[in-house]
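In what follows, a single structure is set out as structure tokens and then discussed.
In the numbering used here, the protein residues as written are 8 to 176.
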């Protein structure tokens with residue numbers, strides 16, 4: 008709720024806390040904090056979409072990129088992570104995709120589809136930077152999911168839009 012809040016002090020404090028978790032605690036304690044990864048990425052996506060705080064939006068996208076670095080450095084942690092009952096159907100190799108890469112890339116696609124032009128542009132740039140930087144580590148069958156995410160972005164651009172922001176693309 009606070010992520011879309013208009014109260015600057017609340018948003019700033021919440022963002023500082025989230026940023027501290029990602030920049031400081033993830034650097035030192037990522038193995039013990041991996042359960043929070045998807046929630047942290049979702050929080051960053053919401054911060055990025057708060058139009059009242061453009062600096063926070065851009066910083067949130069930068070932090071999403073740093074989250075990609077954590078996934079890249081620790082794919083084994085995602086593979087070993089137990090937790091969801093339906094994980095038995097997910098191979099260890101695919102867990103890094105399901106719990107790491109996909110939530111991260113999907114959150115950026117949501118920012119691209121929901122936010123103002125400057126934030127969308129930055130999110131799209133970071134999305135493709137992550138793909139170019141880490142895509143060689145993706146399994147061939149993960150690309151099917153990734154293309155669905157990417158095609159969804161561009162399919163949305165084909166729809167008529169009432170907002171002039173999207174018309175700028």
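In this text, a Cβ means the ideal position worked out from N, Cα and C, and glycines have one as well.
Asked: C-beta atoms of residue 24 and residue 51 nearer than 8 Å; Found: no
Asked: Residue 96 classed as buried or exposed, judged by whether at least 16 other C-beta atoms fall within 10 angstroms; Found: exposed
Asked: Whole-number beta carbon distance between residue 116 and residue 160, since they are thought to touch under 8 Å; Found: 5 Å
Asked: Distance, residue 111 Cα to residue 151 Cα; Found: 16 Å
Asked: Residue 39 classed as buried or exposed, judged by whether at least 16 other C-beta atoms fall within 10 angstroms; Found: exposed
Asked: Contacts around residue 107, its chain only, beta-carbon distance under 6 Å, and the 5 residues preceding and following it disregarded; Found: 78 and 85
Asked: Residue from 102, 22, 141 and 143 with nearest C-alpha to residue 54; Found: 22
Asked: Local conformation of residue 171 per DSSP, three classes; Found: Low confidence applies here, because residue 171 scores a pLDDT of 48, under 50, leaving its location unreliable; read the following figure in that light. The answer is helix: DSSP assigns residue 171 an H, G or I state.
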